[in-house]
């Protein structure tokens, strides 16, 4: 059995369970020759249990116009916002504080996100979470 020939590869971040043919999905997916409705249904079915998160997805398209959908863990910013019950980060991160991220919440986020991070060191992963939190205007508990 021969390998399928890959004709395209695209990465896109979409809200879980809410993909529609409208932008940004349509303009990204349609040039690849994928059935947009089928893709949206597939993505929505696979992510319906993760509502409230933004999910990074990689679409691998083959010559016969079939595709594989590879879903990653939710974006770190989404995990932070969900753990603090906020809808967005601070507009002015130097002067505005939207919440406090505790050590327990940081560890919880690291446990969730670790498979997708480009590090094997837990200490480095914690630093990544803290950096993302600070850039969103979230105070980090030391």
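Numbering (the working numbering), first residue to last: 7 to 148.
All C-beta atoms in this analysis are idealised placements derived from N, C-alpha and C, irrespective of residue type, glycine included.
Keep in mind the model is a prediction, meaning the values are calculated, not measured.
Going by DSSP in three states, residue i sits in which element: helix, strand or coil?
| i | result |
| --- | --- |
| residue 64 | strand |
| residue 12 | strand |
| residue 19 | strand |
Could you work out which residue in the options is closest to residue i when comparing CA atoms only?
| i | options | result |
| --- | --- | --- |
| residue 92 | 105, 101, 66 and 68 | 105 |
| residue 21 | 46, 136 and 110 | 46 |
| residue 144 | 127, 73 and 87 | 87 |
| residue 98 | 142, 31, 30 and 127 | 142 |
| residue 122 | 52, 82 and 51 | 82 |
| residue 6 | 79, 58, 24 and 80 | Residue numbering for the chain in the displayed model covers 7 to 148; residue 6 lies beyond these limits and cannot be assessed. |
| residue 162 | 70, 95, 128 and 103 | Outside the displayed span of the chain (7 to 148) sits residue 162, for which this structure offers no information. |
| residue 119 | 78, 10, 9 and 18 | 78 |
| residue 94 | 41, 32 and 140 | 140 |
| residue 59 | 51, 50 and 80 | 80 |
| residue 57 | 28, 100, 18 and 84 | 84 |
| residue 50 | 30, 26 and 41 | 26 |
| residue 74 | 32, 127, 19 and 40 | 40 |
Leaving out the 5 sequence neighbours to the left and right, which residues in its chain are closer than 8 angstroms to residue i when beta-carbon positions are compared?
| i | result |
| --- | --- |
| residue 89 | 107, 111, 114 and 115 |
| residue 16 | 34, 35, 38, 64, 65 and 67 |
| residue 125 | 131 and 134 |
| residue 103 | 96, 143, 144 and 145 |
Can you list, in chain order, the residues of its chain whose CB lies under 6 angstroms from that of residue i, leaving out five sequence neighbours each side?
| i | result |
| --- | --- |
| residue 53 | 22, 23 and 61 |
| residue 72 | none |
| residue 76 | 64 |
Taking the beta strand (DSSP E) that residue i falls in, what are its first and last residues?
| i | result |
| --- | --- |
| residue 24 | No beta strand (DSSP E) holds residue 24; DSSP gives it neither H nor E. |
Where do the N-terminal and C-terminal ends of the alpha helix (DSSP H) with residue i fall, by residue?
| i | result |
| --- | --- |
| residue 33 | 31-35 |
Give me, in chain order, the residues of the same chain whose beta-carbon lies closer than 7 angstroms to that of residue i; leave out the 5 immediate sequence neighbours on both sides.
| i | result |
| --- | --- |
| residue 11 | 68 and 69 |
4 or more residues per run - each alpha helix (DSSP H) lying fully within the stretch 52-134
82-90 and 109-119
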